[in-house]
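Student: What follows is a structure written as structure tokens; I'll ask about it next.
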Amino acid sequence: MTRHAIALLLLAGLLSGCATRHMLGVPFADLGKAGLINDPEQVSRLEKSITDGEIAKLLDLDVRAKLPTSLAVAKLRSECPAYQPHLVRIDADEMQTWEKIASKHKRVLGVQPVSNLSMGNSLGEPRLTLRSLRVAAARLHCELLLVYMQGDSAVDNFNDAAVLYWSVVGLWLVPGNELAHKTVMQAILVDCRTGIILGTATGSSHKKRLSPAAFADIHEEQLAGAAGVEALAGLHEGTDELLGQVISQAVAKR
């Protein structure tokens with residue numbers, strides 16, 4: 001059903017001046033809740049019933065990637081919290097940005113995108129775990145693995161101005177729709193040999209705008225694009241800083 005038809009069906013409510021106020025949902029981009037990290041197949045006995053002493057052993061591990069190395073990058077997406085995340089193809093522009101970030105660090109030789117092919121599955125969707133992604137990164141000869149996930153949430157409310165949607169002209173001219181879109185991104189940097197998470201980075205963006213009903217779909221798509229770009233830029237900045245810290249620590253331990 002088109003937005004025009006929906007607007008006409010809601011005419012009675014709009015004429016009474018009733019606005020809608022649905023809350024913007026929390027975007028799902030949680031790598032832990034996605035089951036990626038705590039998969040039963042990769043959780044050891046130590047992690048199932050861990051003691052204070054065993055936590056101390058984990059903290060005392062001398063984890064350092066062999067440098068120089070390439071960076072494996074895996075982009076994930078999940079449509080909702082109940083679904084297992086899947087690999088997303090990283091487009092050329094985004095790859096150029098990751099390569100630009102890698103070039104700032106002399107001990108990072110380049111970037112390798114993780115795909116279904118590197119996971120030994122050319123057609124179907126592989127079930128992702130941190131271990132399976134580490135194996136894929138190892139096949140690409142990368143000591144470091146960056147896994148990041150994007151989540152989006154959107155809401156479209158009618159404001160009081162929507163009462164003027166009773167006319168066809170109003171549907172095209174009156175900004176009676178309040179649009180909001182939020183994008184969040186979460187990343188972890190992993191040592192491929194041990195599976196230890198070396199650090200995290202995040203990026204987020206929250207965009208809003210008013211729109212006539214006739215253009216709401218177009219404007220929502222524009223909001224989603226702008227929020228995604230801004231959130232990714234924040235993630236890039238955080239990852240750049242994180243890489244610098246990890247490499248500095250690895251060099252200092254030599």
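For the sequence shown, my numbering assigns the number 1 to the initial residue and increments by one for each residue that follows. For glycine and all other residues, C-beta sits at the position ideal for the given N, C-alpha and C.
Quick check: the region 230–246 against the region 163–175, are there 3 or more CB pairs under 8 angstroms?
Tutor: no
Student: In whole angstroms, give me the CA-to-CA distance for Asp160 and Ser211.
Tutor: 13 angstroms
Student: Could you check where the beta strand (DSSP E) with Gly170 kicks off and where it finishes?
Tutor: Where Gly170 is concerned, there is no enclosing beta strand (DSSP E), although the alpha helix (DSSP H) it sits in stretches over 168–173.
Student: When DSSP labels each residue in this structure, what does Gly199 get in the three-state scheme?
Tutor: strand
Student: Report the residue from Ala226, Arg193, Ile101 whose alpha carbon sits nearest the alpha carbon of Cys142.
Tutor: With distances taken between Cα atoms, Cys142 lies closest to Arg193.
Student: What residue from Leu117, Arg139, Arg134, Glu99 has the CA that sits closest to Gly110's CA?
Tutor: Residue Glu99 is the option with its Cα nearest to Gly110.
Student: Could you tell me whether the Cβ atoms of Thr200 and Gly228 are closer together than 7 angstroms?
Tutor: no
Student: Look at the alpha carbon of Ala214 and the alpha carbon of Trp172, and state the distance between them as a whole number of angstroms.
Tutor: Rounded to the nearest angstrom, the two C-alpha atoms are 5 angstroms apart.
Student: Tell me the residue span of the beta strand (DSSP E) that contains Leu128.
Tutor: No beta strand (DSSP E) holds Leu128; DSSP gives it neither H nor E.
Student: For Ala162, count the other beta carbons within 10 Å of its own beta carbon; 16 or more makes it buried, fewer makes it exposed. Which is it?
Tutor: buried
Student: Kindly confirm or deny that the region 90–107 and the region 127–138 touch, where touching means at least three C-beta pairs closer than 8 angstroms.
Tutor: no
Student: For Pro85, is the classification buried or exposed, using 16 other Cβ atoms within 10 angstroms of its Cβ as the cut-off for buried?
Tutor: Pro85 should be labelled buried.
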